[in-house]
Structures are given as C-alpha cells and as structure tokens.
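Reading the sequence shown from the start, the letters are residues 47 to 193 in our numbering. All residues carry an ideal CB built from backbone N, CA and C; glycine is no exception. Owing to the predicted nature of the structure, the values given are computational and were not obtained by experimental measurement.
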Amino acid sequence: MERENISGSSEGPKDGIIGSIDIPSLESVVDLTGIEVEGGLSVEESHFRGRKLQGATIPLPQGYSGFVLGKKKNPKKRKTSGISEDNLNCWETRAGFQSITYWNHDSLPSHDDVFLRSFHWFPVANALHKPVSVNDLAAASTLPGQS
47 MERENISGSS EGPKDGIIGS IDIPSLESVV DLTGIEVEGG LSVEESHFRG RKLQGATIPL
107 PQGYSGFVLG KKKNPKKRKT SGISEDNLNC WETRAGFQSI TYWNHDSLPS HDDVFLRSFH
167 WFPVANALHK PVSVNDLAAA STLPGQS
C-alpha cells in the first residue's frame, strides 16, 4: 500500500520525511495562563511528572550571556607532564542563551524569589570591579570640611 505524500504524488517519502512544519517565532506565542504577578512577571505554566509548575522567563542582565557546555569527545592526545588523560577537562560550547525560565512548584513567581534576588549581585559586582580613577580616589580621601 502506497501513501500519498504532502505534494499529492503517490511516491513514498524520501528519508522518512513526509512533510515539514513551520514553527513560528516566539514573538507570536499567546500567553494562555493570563496570569501576571506584581512587577510585570508573566507566569508560564507546565507540568512535570504530574506536578504543576509555574514559572517566569527573564532576560539575562545586559553584558551577560549564558552557555550550555559539554565535554569534548575524544580530545586530541597530547603529552602532558604527569597528568593523566582521564583527568583533562576539555569543554565546548553546545548552545548559548540570553534568557532563562525558572520554575516554582508551590508558589507563583515573584520578585522576592531567591533566584531573582541573586540577580541583584550583578550591579554590586560591577561596582566592586569597576576601575577607580585618580579623581575618584582624591574625592573619597578628603574629609568633609577640608579642602
């Protein structure tokens, strides 16, 4: 029995592929939950092993990127001084991302979640590691009332 493929011919599918599906970009996705919590977080809903999850997708801060790493397969053999080949850690980038979705199972996502509060460290780290100019040092070293 021959199947009719998408194009209408009775020829069998090539490489097991009958047709293709166009997947629209995420910009046209409709939020079916309709839930938005304070601070403008749009809630997403899913289930994992029968348990309801509620989450929110947030962008990574400006200047940061996320990467999925995987161990390199069969790294080139190289001579090392006393280091076993089994102990070498050779990693490669498998994918990159600019936003992350985090999930709660007992509560709605909020700006008070520990995960989101950890993002407060980024501006603090930037301020701590920012180069200090001579003028900044001079301004900080003078006591009030002294010129």
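Pair every Cβ in the segment 102-116 with every Cβ in the segment 173-191, then say whether three or more of these pairs are closer than 8 Å.
no
Only counting the same chain, and skipping five residues up and downstream in sequence, which positions put a Cβ closer than 7 Å to that of K117?
Walking along the sequence shown from the start, residue 117 turns up at place 71. Answer for K117: C136 and W137, listed in chain order.
Could you tell me whether the segment 93-101 touches the segment 144-153, where touching means 3 or more Cβ pairs closer than 8 Å?
yes
Assign A102 to one of two classes, buried (16 or more other C-beta atoms within 10 Å of its C-beta) or exposed (fewer than that).
Reading the sequence shown from its first residue, position 56 is the one you call residue 102. Buried, since its Cβ has 16 or more Cβ neighbours within 10 Å.
Measuring straight from C-alpha to C-alpha, what distance separates A185 and V178?
In the sequence shown, counting from the first residue as 1, residue 185 sits at position 139. In the sequence shown, counting from the first residue as 1, residue 178 sits at position 132. Distance between the alpha carbons of A185 and V178: 11 Å.
Residues that DSSP places opposite L162 in a beta bridge:
Residue mapping note: residue 162 aligns to position 116 of the sequence shown, counting from 1. In DSSP, L162 forms no bridge with anything.
Distance between beta carbons of P105 and Q144, contact taken as under 8 Å
On the sequence shown, residue 144 is found 98 positions in, with the first residue counted as 1. On the sequence shown, residue 105 is found 59 positions in, with the first residue counted as 1. Correct: roughly 6 Å between the Cβ atoms.
Through-space distance from K98 to D182, alpha-carbon basis:
The residue given as residue 182 occupies position 136 in the sequence shown. The residue given as residue 98 occupies position 52 in the sequence shown. So the alpha carbons of these two residues sit roughly 52 Å apart.
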